[in-house]
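A.B. asks: Have a look at this one.
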Amino acid sequence: MNALWQDFRFALRSLATAPVFTAVALLSLALGIGANTAIFSLIDQLLLRSLPVRDPQQLVQIYARGSFYGSNWGSNTMSYPMYRDFRDHATVFDGLLMRRQQTVSVGHAGQVERARAEIVSGNYFQTLGVNAAYGRTLLPEDDDKPGAHPVAVLAYDYWKARFGGQPDIIGRSVVINDLPFTVIGVIANGFSGMEVGTAAQVFAPIAMQDRMLPGRNLLEDRRTRWANVFGRLKPGISVVQAQAAVQPLFNQILEAEVKEKAFAKASKEDMDAFLRSRMNVTPGGTGTSSLRSDFGPALWVLLALVGVVLLIACANVANLQLARASARQKEVAVRLAIGASRWQIMRQLLVESGVLAFAAGLLGLLLGQVSTSLLLGLFRTDESHMTITSELDARVLLFTFGISILVGALFGLVPAVQATHPKLAETLKDQAGSVTGGAHSRFRKALVAAQVTLSLMLLIGAGLFVNSLYNLKTLDPGFRSSRLLVFGADPLPNGYSPERMREFYRTLHERLSALPGIEAVSSANMAVVSGDNWDSGLTIEGQDPSRSNDAWAFQNHLTPGYFRTLGAEIKAGRDFTWADRIGSPEVAMVNETFAKEYFPGQNPIGRHVGMGTDPGTKTDIEIVGVVSDFKYKDMSEKIGRQMFRPLAQMPFGLNQYFYVRTSGEPKALFGTIRNEVRKLDANLPIYGLRTVGEQVELNLATQRLVASLSACFGALATLLAVIGLYGVMAYLVGRRSREIGIRMALGASEGNVVWMILREVLLLIGIGVALGLAGALSLTRFVQAQLFGVTASDPRVLAVAAIGLAGIALLAGYIPARRAANTDPLRVLRYE
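With this note's numbering applied, the sequence shown corresponds to residues 1 to 832, in that order.
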């Protein structure tokens, strides 16, 4: 132990005597470690970390896969009656819960705001093993009768922020969706629901569904899947055993459902496909998250990129260590000559590498925390209630500590081994070639070639991602985003009837249209490029009604003037008017893709469609207009079939996104718009108020994250590789100074000397570029899914990255070559 302490003290003194080496090595490693820490922190929180519940490894999620006859509200969802069947009859679970996160309106002390609520079964907290910090949690008896128990539990952070952390909130009422709910508890700190990345703020019984999700009775509806189901496995039951156990019960439920009235008009093909569905049981300890599908693949790509950056940094520091070892060869030889063992010297050098790596890890933690804070800006929106933070926890600390140890071993081991095998006699006589022999030089060159290889792969990746982002940003979405703003309004949670909602929308439409500075106003149920979609099956007039119809289209429900406000062009027919309302003939408009798909070479105006795919479905909706194609869900999608309906013909209430085209700067009207909404209903919060340009940027968040970071990592890797190449060539030039002096004394020109050095540079660059291109081409299939408008083997990107890196590296090699050409033969030979 005393020997290690002595090595540690000596390492500190040794590093202090070489401040330039220490600073360069420390910064190189810290950048690599910090980048890895930042990306791992996001991956850990979003993809890997278990929920803060009792024995999360026992949790599973169950959901059906296959054809479904009805509506799906989200992924991996189940109907409430089916959940009830499994809860009451499945024998492999210690508890089965149902949940859905939903935006609601919460009012208290005269202030109304939107909040995220988790609608949960009464056994939710008991099954998860989560307790209350104050009051109590929901119990099964709070969920036994529909609408009978308007009670709520608050999330801890929401209670602190919204209610000032006052314990006397227990027993008091808050108004949720225009109904008083009694607060019965505050949940324990640290738990914010099962939606990872998005915090729930209020928890309410699923029996209050008609208030939390007004407009539909989903508790008895088997044809709508709308909430997630999780279960806790009984001890000794595996996921595979649970899967085998639930499938027979699922088959029985399906057999019973196809006999219900809802299937009376279903085709045999639809029923057979429905009966072939399978029930999946998958690990559920990490909860559910929409952010995972959005950012998960990108984060894994970024983790691979930062891993490569760290390898390049390690190679760079290893080269620095080798160069430093060559300067210390006489010190090592003297210590060996007077009796020190090779292990003692190697241990001391490894301790020095470990101290450097540990210091780089500490600095990397700081850089990682700052980087994570910056990266979170790409995730956040004003509606997200993010739970992902930049705070360091034990897992991130352990990861950084582990990676620091690995880094210390990577860049310290080989230099330590080579430094302890000098030729003692030659070294002590000050003759060249001992520790810096040919094998040593070849190893340093191999490290440089590897750096060039990895740097080129990163540059190619960066070029592909940047090109992909550029293609998306310059893509014409089919509408004009300039001078256009959007905001959402949803009066349904405030107790509005569908008729009152339609009247509210028309009044707000008229008020906003009358304001100065506003050129056009309209609204739609689905916001453009917001990531959301609503698709429905259709029956097309003239198609064979005796078979199952596989026609479908994305849906949207509009007020008149929507296409003019958006800047889309009506190609044929007419726009909707306020006369298109309930009681008038039902009408629709379609996009060009829809018209070409279902009416090729024909005029679709006057043709008819019907909602649904059952044989005998009435085709009583007349197509009155065709509009130009424009993006629907996101910028990277291939434009699909779209059908538009007048909002005033919808018998149920729908939220709306208002689009306002302005004559000036849209943000200048934000306050005016809020005031106009308050005049109509002071208790109705609006949400998502932003310019459409900002909405497009939000839609490109994943692509922007990957492109910007890959570009940064590529530039950093190139810088490290160039530094490594320069260091190796400068070292070799210094080592060959006597040879160069002799050559010049015998008549070699400066050009001959420069070319002699550049030949080695070109060889290293050539090997690195060749291996880099081969490596990039072999990995194309892993990144193609992240690209838009560019192939992973795009020759332009490959050529620009290879030529650019080769040019920069050649410049880095030219500097020591030029220095070698300026060698004074007399001075060198006299010194020798």
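Note that beta-carbon positions come from the ideal geometry of N, C-alpha and C, so glycine has one too.
1) Pop quiz: Leu472 and Leu700 are said to be a contact at Cβ under 8 Å. What is the actual Cβ separation, rounded to whole angstroms?
2) In three-state DSSP terms, what is Lys160?
3) Who does Glu113 pair with in a DSSP beta bridge?
4) Can you tell me whether DSSP reads Gly437 as helix, strand or coil?
5) When you compare each of Phe443, His149 and Ala161 to Met212 by their alpha carbons, which one comes out closest?
6) Are the segment 702-721 and the segment 480-491 touching by the rule of at least three beta carbon pairs closer than 8 Å?
7) Counting C-beta neighbours from all protein chains within 10 Å, is the total for Ala820 16 or more, i.e. buried, or is it exposed?
8) Alpha carbon to alpha carbon, what distance is there between Val174 and Val183?
9) Quick check: the Cα distance between Ala524 and Val301, rounded to an integer number of angstroms?
10) Would you call the segment 260-270 and the segment 740-760 touching, i.e. three or more CB-CB distances under 8 Å?
11) Mind the definition here: the segment 668-675 touches the segment 601-617 only if three or more C-beta pairs lie below 8 Å; say whether that holds.
12) Output yes or no for whether 7 Å exceeds the beta carbon distance between Tyr156 and Asn189.
13) Whose C-beta lies closer than 7 Å to the C-beta of Arg564 among residues of the same chain, with five residues either side of it excluded?
14) Since Met271 is in the alpha helix (DSSP H), which residue starts that stretch and which ends it?
15) Looking at the structure shown, is Met346 part of a helix, part of a strand, or coil, going by DSSP?
16) Just the C-alpha distance for Asp681 and Asn76, rounded to the nearest angstrom, thanks.
17) Are the CB atoms of Asn177 and Ser121 within a distance shorter than 7 Å?
18) Thinking C-alpha only, which one of Gly766, Leu31 and Met279 is nearest Phe68?
19) Here's the rule I'm using: 16 or more other beta-carbon atoms within 10 Å means buried, otherwise exposed. How should Pro167 be labelled?
20) Would you give the residue range spanned by the beta strand (DSSP E) that Val609 belongs to?
21) Taking 7 Å as the threshold (C-beta atoms), are Phe263 and Phe487 in contact?
22) Are the segment 631-643 and the segment 528-537 in contact at 8 Å, needing three or more beta carbon pairs?
23) Can you tell me which of the three DSSP states Met589 falls into?
24) For Ala579, is the classification buried or exposed, using 16 other Cβ atoms within 10 angstroms of its Cβ as the cut-off for buried?
25) Since Phe358 and Ser404 are thought to touch, with beta carbons under 8 Å apart, how far apart are those beta carbons, to the nearest angstrom?
26) To the nearest angstrom, how far is it from the Cα of Ile39 to the Cα of Val239?
27) Out of Lys234, Leu31 and Glu257, which one is the CA nearest neighbour of Arg222?
28) Name the residue from Leu362, Leu406 and Leu374 whose alpha carbon lies nearest to the alpha carbon of Leu350.
29) Using DSSP's beta-bridge definition, name the partner residues of Pro205.
30) Measuring alpha carbon to alpha carbon, tell me which of Ala25, Met194 and Ala227 ends up nearest Tyr80.
31) To which residues of the same chain is Arg172 closer than 8 Å at the C-beta, ignoring the five residues directly before and after it?
32) Could you pull out every residue in the same chain whose Cβ sits closer than 6 Å to the Cβ of Arg796, ignoring the five residues on either side in sequence?
33) Excluding sequence positions up to five away, which residues of its chain have a Cβ less than 6 Å from the Cβ of Phe644?
34) Indicate whether at least one CB of chain B lies closer than 7 Å to the CB of Asn655.
35) Do Glu118 and Gly197 have their beta-carbon atoms positioned less than 7 Å apart in this structure?
36) Per DSSP, what kind of secondary structure is Lys259 in: helix, strand or coil?
C.D. replies: Here's the rundown:
1) Contact annotation, Leu472 with Leu700: C-beta distance approximately 6 Å; criterion of less than 8 Å satisfied.
2) Three-state result, Lys160: helix.
3) Residue pairing by DSSP places Glu113 opposite Val106 in a beta bridge.
4) Because Gly437 carries a pLDDT of 48, less than 50, the predicted location of this residue cannot be relied on, and the following value inherits that uncertainty. Of the three classes helix, strand and coil, the one that applies to Gly437 here is coil, per DSSP.
5) It is His149 whose Cα lies nearest to the Cα of Met212.
6) Segments in contact, no.
7) Buried, since its Cβ has 16 or more Cβ neighbours within 10 Å.
8) Going by C-alpha positions, Val183 is about 7 Å away from Val174.
9) When rounded, the distance between both Cα atoms is 36 Å.
10) Short answer: they don't touch.
11) Counting C-beta pairs closer than 8 Å gives fewer than three between the segment 668-675 and the segment 601-617, which falls short of the contact rule.
12) The beta carbons of Tyr156 and Asn189 sit closer together than 7 Å.
13) Counting only Cβ-Cβ distances below 7 Å, and skipping sequence neighbours, we find Ala520.
14) Met271 -> alpha helix (DSSP H) spans Lys268 to Leu275.
15) Met346 falls in the helix class under three-state DSSP.
16) Their backbone Cα atoms lie some 36 Å apart in a straight line.
17) No, the Cβ-Cβ distance between Ser121 and Asn177 is not below 7 Å.
18) That would be Met279, whose Cα lies nearest to the Cα of Phe68.
19) Exposed is the label assigned to Pro167, since fewer than 16 other Cβ atoms lie within 10 Å of its Cβ.
20) In the DSSP annotation of this structure, the continuous segment of the beta strand (DSSP E) that includes Val609 starts and ends at His608 to Met611.
21) In this structure, Phe263 does not lie closer than 7 Å to Phe487 by Cβ.
22) In short, these stretches touch, since the Cβ pair count reaches three.
23) In this structure, Met589 counts as strand in the three-state DSSP scheme.
24) Ala579 should be labelled exposed.
25) Contact flag correct, Cβ pair sits at about 6 Å.
26) Taking the straight line joining both Cα atoms gives about 30 Å.
27) Of Lys234, Leu31 and Glu257, the residue nearest in Cα terms is Glu257.
28) The shortest C-alpha separation from Leu350 is found at Leu406.
29) According to DSSP, Pro205 bridges with Val120.
30) It is Ala227 whose Cα lies nearest to the Cα of Tyr80.
31) These residues qualify, in order along the chain: Thr182 and Val183.
32) Closer than 6 Å at Cβ, skipping near neighbours: no residue.
33) Closer than 6 Å at Cβ, skipping near neighbours: Asn556, Leu558 and Met589.
34) Absence of chain B from the displayed structure is noted, only one protein chain being present.
35) It is not a contact, given that the beta carbons lie outside the stated cut-off.
36) Secondary structure at Lys259: coil, using DSSP grouped into helix, strand and coil.
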